[in-house]
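Residue numbers (our numbering): 36 to 184.
Heads up, the thing below is written out as structure tokens.
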């Protein structure tokens, strides 16, 4: 054997039989490897099962929290809708009334000028004009443009 060769050459040909002691050691090594593999598989199954149980509980918790949040969101949406339909028009009407009073009373106008009010909301609606009824009933309605038939 030389120092440049990493492995020693085989000691004989194909006809050499392993000794009984080597065969027994090889069998023990294979059986111990088999036991280690089986233990590794069992440990892996236990870890996967525990992970699945943990994830199952997390999903249940998240679903419960999502249901609670959805109920809270519905309540808030209801409150916002009520605010927009009931409270906002009352506040706008109050601000309009304050401006009307300020137009008629200069003393109140000076007091109101100290508190900046939001500008009146402009709407894209056409101004309301008085229309005289057409003789013979109501006026015919023109068809809406851009509609499909």
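Think of the CB as a built atom: it goes at the ideal place given N, C-alpha and C, for glycine as much as any other residue.
As the structure is a computational prediction, the values presented were derived from the model and not from experiment.
Membership of residue 74 in the alpha helix (DSSP H) is indicated by the continuous run 55 to 117. With a beta-carbon spacing of about 5 Å, residue 137 and residue 147 fall inside the 8 Å limit used to define contacts. Note that the C-beta distance between residue 149 and residue 127 is not below 8 Å. Rounded to whole angstroms, the gap between the alpha carbons of residue 134 and residue 142 is 12 Å. When secondary structure is reduced to three states using DSSP, residue 140 falls in the coil class, being assigned neither helix nor strand. Nearest to residue 154 by C-alpha distance, out of 130, 139, 109, is 130. CA-CA distance, residue 108 to residue 91, rounds to 26 Å. The beta carbon of residue 139 sits closer than 8 Å to no other beta carbon from its chain once the five residues preceding and following it are set aside. One Cα belongs to residue 119, the other to residue 100, and the distance between them is close to 28 Å.
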